[in-house]
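This report concerns only the one structure given below.
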Amino acid sequence: MKEMTLVSSLQRYRCWKEKQPMVWNTIIKSRRDWSIIPHLHDYGQARAAFSWDKARRELEGLPGGQGLNIAHEAVDRHAAGPLGDHLAMRWLGKTGKVQDYTFGRLRELTNRFANVLRGLGVTTGDRVYVLAGRIPPLYIAALGTLKNRSVFCPLFSAFGPEPICARLAIGQAKVLVTTESLYQRKVAGSRSSLPHLEHVLLVGDDYKSADVPGTQDYRRLMEDASEKFTIGPTDPEDVALLHFTSGTTGTPKGAVHVHNAVVAHHITGKLALDFHKDDIFWCTADPGWVTGTSYGIIAPLTNGITSIVDEGDFDAERWYGILQDQKVSVWYTAPTALRMMMKAGTDLVRKYNLSALRFLASVGEPLNPEAVVWGQQAFGRPFHDNWWQTETGGIMIANYAAMDIRPGSMGRPLPGIDAAIVRKTQGDGGIDGGVEVIQEPDVQGELALRPGWPSMFRAYWNEPERYKQCFVGGFYLTGDLAKRDKDGYLWFVGRADDVIKTSGHLIGPFEVESVLIEHKAVAEAGVIGKPDPVAMEVVKAFVSLRDGYEPTPALQRELLGFARARLGTVVAPKEIEFLPTLPKTRSGKIMRRLLKARELGLPEGDTSTLESES
Amino acid sequence: MTPNLTTDEIKSLILRILGEIAPEADLASIKPDISFRDQLDIDSVDFLNFAIALHEELRVEIPEADYPKLATLNGCIEYLTAQRQTSQR
């Protein structure tokens, strides 16, 4: 199969409004912009002096040279030192409740959870899943699981029953921590098909006790457990985290991360997010996605700062209120939320005192230039976009605090990270060969990274072949197309595959198509990302019907409801269009890129930018 | 401007739009004072589509800053009724 360029949804996005300027001025930083000297202020010097060994020495390690454990670095070492009474996490409930956790308190609670697991016979390497909204037990279970040297796997609570069941089955979950209502709605029905799932711990709705057959009550188990726990010897290469992500084809992939990843979580928190002592940090991401774990749980804790967790969903006024009232100094959020705030205008934000805000960062999908610049109008500071993915475990490329920003660029590689733009070369007889690095500036290719950073994924769970395919010619190939300008700034162009980026999440089209064709009326389904001014892309499905079914609005609604009930809102299509037949290759593969080209209104027959027939 | 609508007509219009965005939802059991997002599986993109559809069907201006007022069924009815009256004057 030939690697070709694709229609860039970002370019499309940029042309959304014809009026907008296509050239954006660089945002120049000066010393006056810093209330505190950024950790990363001399890029060249920092890169030259950097080594991962040095970064590792900023952490403590388990007492007695027993290895490296994420939870020890995040919680226990601070609990035992001068930060024991420091506020580690402040939880804001949907309805106004507030719960504070010092490092000391967090140590006790996570010890209890580790003891709960031990009491259930859950041991090193066993997978402990959490399916919950942003409630304190999620955070406690995550860290307690790491203490027990089990593997923590978060599931996004807006997934429907099918994505949840698939992920529980692939990773052979032994324990699931969830809430009573999520269990009843999304898991109970598939319980019999999950033979490995031995223990389901339920957090009762409204924190009441849960009494559901086949489950145990989280609260009672926690009350009965001891608050003393000693973390056992942990090899830095022991598996710690399992994060699911999506590919173009096949089932979801479980990216495996090890305890050593904490070296990258910690140092990138310092270098890319510029964490300083006494910072109050708010990462708005849900731990169901990798950002919400690496930066919503681990990095602020290892850096000994205060982390804000908000249970509520996005709401511009609520968010401004939190930034003001909690005196947030470093804020890490996502483009979709920013674009919604932009729609609400600057009048609203100006009513709030946001003088504590020092550094604004964004991740999830490329941040469009007008959003970067809007940060200046609304907050007096620009947003700093950065780039990474589930597989990289931590931020790789960033607009760091001291850097002049070229709006629309993802920034430059952090110290310790070697990035390149590469193109694939054909081997003999058409077999895939290696890659060559593109040296010329402004030429598009695939973004690639030299392996060797600590938070690089170590496997796709039980899929060695798929893992191997990610590495070619000594590079990890990211699947993102990008360019590098003459000054080393990197620019996102689009995905090299058919994976859909929506509201900062990756959605695999195959997972959506598989569910649609389970409906009795559907013959074929092809799913694409349709450009969207707010979510970057939304999931759109093209469907052809079996004989005897008519493409009526009623059937369209039925299919939409069918997909939403099974996949959940985050994965299901927002739009379904009927076609008499779907375009296919000679081998019968649905050509999603042709569907996408038609959706984008490319000239009929212009397939020059499409995947060639294989 | 569409002709005068009664509260019941506005309510059924809201429910019809919701039913198009989230056909799987059990609209009969919606509690009028609890936010849609707390009782239905709808995300922020769904909510945006909901607000846009209300604007198009009722021909009323809905500034983005007012979106939070559309969070519940009763809030929606109250807000849309008031907006229609204002724009009729």
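Keeping their order, the protein sequence lines are chains Y and S. Residues 708 to 1321 (our numbering) make up the first sequence, in order. Residues 2 to 90 (our numbering) make up the second sequence, in order. Glycine residues also receive a C-beta, built at the ideal position from the N, C-alpha and C atoms. Please read these numbers as outputs of a predicted model, since none were measured by experiment.
Asked: Minimum length 4: unbroken alpha helix (DSSP H) runs contained in the region 743–797 of chain Y; Found: 750–756, 759–763
Asked: Cβ contact (3+ pairs, closer than 8 Å) linking the region 848–858 of chain Y and the region 886–894 of chain Y; Found: no
Asked: Supposed contact pair Y/S1069 and Y/A1041 - C-beta distance, whole angstroms, cut 8 Å; Found: 6 Å
Asked: Inter-residue spacing [alpha-carbon to alpha-carbon] between Y/W723 and Y/P1240; Found: Any reading at Y/W723 must be qualified, since the residue scores a pLDDT of 45, below 50, and its modelled position is unreliable; no value is offered.
Asked: Backbone CA spacing between Y/D993 and Y/A865 [nearest angstrom]; Found: 10 Å
Asked: Y/R1157, DSSP secondary structure in three states; Found: coil
Asked: Short Cβ contact (7 Å threshold) for Y/G1101 with Y/H1212; Found: no
Asked: Y/Q1133 versus Y/L1184: straight-line alpha-carbon distance, rounded; Found: 16 Å
Asked: Contact set between Y/A865 and chain S, taken where Cβ atoms lie within less than 9 Å; Found: D42, D44
Asked: Cβ contact (3+ pairs, closer than 8 Å) linking the region 59–66 of chain S and the region 27–42 of chain S; Found: no
Asked: Contact list for the region 1240–1251 of chain Y against chain S, Cβ threshold 7 Å; Found: V1241, A1242, V1245
Asked: Y/Q806, buried or exposed, once every other Cβ within 10 Å from all chains shown has been counted against 16; Found: exposed
Asked: Members of the region 9–27 of chain S near chain A, C-beta cut-off 9 Å; Found: Protein chains in the displayed structure are Y and S, and chain A is not among them.
Asked: 7 Å Cβ cutoff met for Y/V1229 and Y/V1206; Found: no
Asked: Endpoints, the beta strand (DSSP E) within which Y/Q1146 is located; Found: Neither: Y/Q1146 is in no beta strand (DSSP E) and is coded neither H nor E.
Asked: Terminal residues of the alpha helix (DSSP H) in which Y/W1081 lies; Found: 1076–1086
Asked: CB contact check: Y/L1309 to chain S, cutoff 7 Å; Found: no
Asked: Neighbour flag for S/L6 against chain Y, beta carbons, 7 Å; Found: no
Asked: Rounded straight-line distance, which links the Cα of Y/W1081 to that of Y/P1290; Found: 41 Å
Asked: Contacts around Y/K977, its chain only, beta-carbon distance under 7 Å, and the 5 residues preceding and following it disregarded; Found: H746, N1010
Asked: Beta-carbon neighbours of Y/G1275, restricted to chain S and to distances below 7 Å; Found: D42
Asked: Three-state secondary structure assigned by DSSP to Y/Q1263; Found: helix
Asked: Environment of Y/F810 [buried if 16+ CB atoms lie within 10 Å]; Found: buried
Asked: Contacts that S/A66 makes with chain Y (C-beta to C-beta distance below 8 Å); Found: A1023, A1051, G1052, D1054, L1055
Asked: Collapsed DSSP secondary structure at Y/R1326 in the structure displayed; Found: The structure shown does not extend to residue 1326 of chain Y, since chain Y is modelled only from 708 to 1321, so the question has no answer here.
Asked: Y/K854, enclosing alpha helix (DSSP H) - first and last residue; Found: 843–854
Asked: Limits of the alpha helix (DSSP H) - the one that Y/W1026 falls within; Found: 1023–1032
Asked: Min CB distance Y/R1264 to chain S below 7 Å; Found: yes
Asked: CB contact below 7 Å: Y/L1267 versus chain S; Found: yes
Asked: CB contact below 7 Å: S/P33 versus chain Y; Found: no
Asked: Neighbouring residues, chain S, relative to Y/D1020 (Cβ below 8 Å); Found: R38, S45
Asked: Span of the beta strand (DSSP E) around Y/C860; Found: 858–862
Asked: Chain S contact for Y/A1272 (CB, 7 Å cutoff); Found: yes
Asked: 7 Å Cβ shell around Y/W996 - same chain, five flanking residues per side excluded; Found: F863, H1212
Asked: Y/F1182 - containing alpha helix (DSSP H), residue span; Found: Premise fails: Y/F1182 lies in the beta strand (DSSP E), 1182–1191, not in any alpha helix (DSSP H).
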